[in-house]
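S.K.: In the numbering used here, the protein residues as written are 664 to 996. The C-beta atom is built at its ideal place from N, Cα and C for all residues, glycine as well. Shown below is the structure under consideration.
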Ligand SMILES: [Mn+2]
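Following this line, the structure appears as structure tokens:
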């Protein structure tokens, strides 16, 4: 399983496994609006760096709290937010699960030293000085786990748990099409390394704050089926979040309820989010069977993602945005 677009900037997992323990200082970062894989990756690598005696800090773009189901992850104390931090030449940046610099920081990426880009998004722009992109990997934590195995690097229960969170969330609890035999093997090995599978399940899926449930109810209450039921759309306004007492991050995962409806091929959820005081629209797209590649639609709006899951930002009105999405989906059905 090698990267699909190899070039001079390609770096193998073996090379990363050899390089990592020799680092003096690293900055670890992942994409904005982090999901379980992004947070699992940065937590795992930060915990690993601590074990290896590497000075490290974690940066995640944006403001606000992370989705509440991930609060239990260790290694996320003191995460840097806001603009991408200035890096000195002796600091290597490890950018994880991030398809493009646009998902990293508005101010762009300026690394004086090396920038190691490790990801599994098909549409990764290879922005690093060194790139390891493997779309076959179920999660970016799978790539980190392979680095740990190849290098014989330390793996304790905390690191294993962070890696497992990325795997279980990016595979939809081992049920999406990306759930490979390797993903199951990795899960088994992580369980042997100390992951309490049931405890993680309860933390991730049975610990939903009431405001998130109320937010989901609002999204479902506004549900519209378009294109004969092939497209499910809904939206959440800033006011909805205020009314139910939900943080913006509580909008994560709500789209999955739209995708599950019989006959739906594509689900779209639009959320209002504040960005430095101005309201922007965040669009999430899901494809049920991959017959429509939602990453291609997200690209039209300057976003990106996978065949089955993609996202973008927009600044139009919600009705106009939904109509345009409908046209784009219609053209691809
Ligand atoms: Mn991922």
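If you measure from the CB of residue 833, is any heavy atom of ligand 1 nearer than 7 Å?
M.R.: The answer is yes for residue 833.
S.K.: Roughly how many angstroms separate the alpha carbons of residue 701 and residue 805, rounded to a whole number?
M.R.: One C-alpha to the other measures close to 12 Å.
S.K.: For residue 839, which three-state DSSP category applies?
M.R.: If DSSP states are grouped into helix, strand and coil, residue 839 belongs with coil.
S.K.: Counting beta carbon pairs with one atom in the region 758-768 and one in the region 681-697, are three or more of them shorter than 8 Å?
M.R.: At 8 Å Cβ cutoff, the stretches touch.
S.K.: For residue 679, name the three-state secondary structure that DSSP assigns.
M.R.: Helix.
S.K.: As a quick exercise: from 735, 687, 762 and 726, pick the residue whose alpha carbon is nearest that of residue 706.
M.R.: Taking only the C-alpha atoms, the option nearest residue 706 is 735.
S.K.: Give me, in chain order, the residues of the same chain whose beta-carbon lies closer than 7 Å to that of residue 678; leave out the 5 immediate sequence neighbours on both sides.
M.R.: Nothing listed; no residue qualifies.
S.K.: With a 10 Å radius around its C-beta and 16 neighbouring C-beta atoms as the bar for buried, classify residue 883 as buried or exposed.
M.R.: Under this definition residue 883 is an exposed residue.
S.K.: Report whether the distance from the Cβ of residue 802 to the nearest heavy atom of ligand 1 is below 7 Å.
M.R.: Checking the Cβ of residue 802 against ligand 1 gives yes.
S.K.: Measuring alpha carbon to alpha carbon, tell me which of 793, 809 and 732 ends up nearest residue 708.
M.R.: With distances taken between Cα atoms, residue 708 lies closest to 809.
S.K.: Nearest-angstrom Cα distance between residue 965 and residue 977?
M.R.: Taking the straight line joining both Cα atoms gives about 8 Å.
S.K.: Judging by CA-CA distance, which residue of 868, 890 and 815 is the nearest neighbour of residue 831?
M.R.: Looking at the Cα atoms, 868 is the closest of the given residues.
S.K.: Determine which residues share a DSSP beta bridge with residue 888 and list them.
M.R.: Answer is 895.
S.K.: Contact between the region 792-801 and the region 721-728: three or more CB pairs below 8 Å?
M.R.: They do not touch, by the three-pair rule.
S.K.: Starting from residue 945, follow the alpha helix (DSSP H) in both directions and report where the run begins and ends.
M.R.: Per DSSP, residue 945 belongs to no alpha helix (DSSP H); it is in the beta strand (DSSP E), 941-950.
S.K.: What I want to know is whether the C-beta of residue 783 ends up closer than 7 Å to one or more non-hydrogen atoms of ligand 1.
M.R.: Result yes, Cβ under 7 Å from ligand 1.
S.K.: Would you mind sorting residue 730 into buried or exposed? The rule is 16 or more other CB atoms within 10 Å of its CB.
M.R.: Burial call: buried.
S.K.: Do the region 816-827 and the region 849-868 touch if we need at least three Cβ pairs shorter than 8 Å?
M.R.: The region 816-827 vs the region 849-868: in contact.
S.K.: How about residue 950 and residue 959: do their beta carbons lie closer than 8 Å?
M.R.: Contact flag unset, no.
S.K.: Taking 8 Å as the threshold, find out whether the region 733-752 comes into contact with the region 923-941 through three or more Cβ pairs.
M.R.: These segments do not touch.
S.K.: Over what stretch of residues does the alpha helix (DSSP H) that includes residue 981 continue unbroken?
M.R.: Run containing residue 981: 981-993, per the alpha helix (DSSP H) assignment.
S.K.: When DSSP labels each residue in this structure, what does residue 796 get in the three-state scheme?
M.R.: Of the three classes helix, strand and coil, the one that applies to residue 796 here is strand, per DSSP.
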